[in-house]
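So our numbering is basically just the index in the sequence shown, starting at one, shifted up by 84.
Take a look at the structure below.
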Amino acid sequence: MKKYLTREDVDRILNVDRNKRCATQIEIKIIQNAINERATKKGVLPEDLDQKDMIEILKELGIPDVEIKTIDPPKWHI
């Protein structure tokens, strides 16, 4: 399981065709800040956030109908 969001991950989250455009550093920073804010609010490290937290963060960023499929519990480290 990856511990960092790559530009490709962000493109996927933003539903952008990676062959047409890569997410900008500003877009990546927006997601990073939202993850860090949530972690601070909960009093945990970013990598300790669970799927529910990540889905809520993405919905708050305007990405509805998010479903994260994974076998291992995710660890988000930004």
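Ideal Cβ placement from N, Cα and C applies to all residues, glycine included.
Check residue i in the structure and name its three-state DSSP category.
i: residue 112; result: helix
i: residue 136; result: helix
i: residue 89; result: coil
i: residue 125; result: helix
i: residue 142; result: helix
i: residue 147; result: coil
i: residue 95; result: helix
Would you call residue i buried or exposed, if buried means 16 or more other Cβ atoms sit within 10 Å of its Cβ?
i: residue 94; result: buried
i: residue 137; result: buried
i: residue 115; result: buried
Does the Cβ-Cβ distance between residue i and residue j come in under 7 Å?
i: residue 122; j: residue 141; result: yes
Assuming residue i contacts residue j under a Cβ cut-off of 8 Å, what Cβ separation, rounded to an integer in Å, is found between them?
i: residue 147; j: residue 133; result: Contact flag wrong, Cβ pair sits at about 16 Å.
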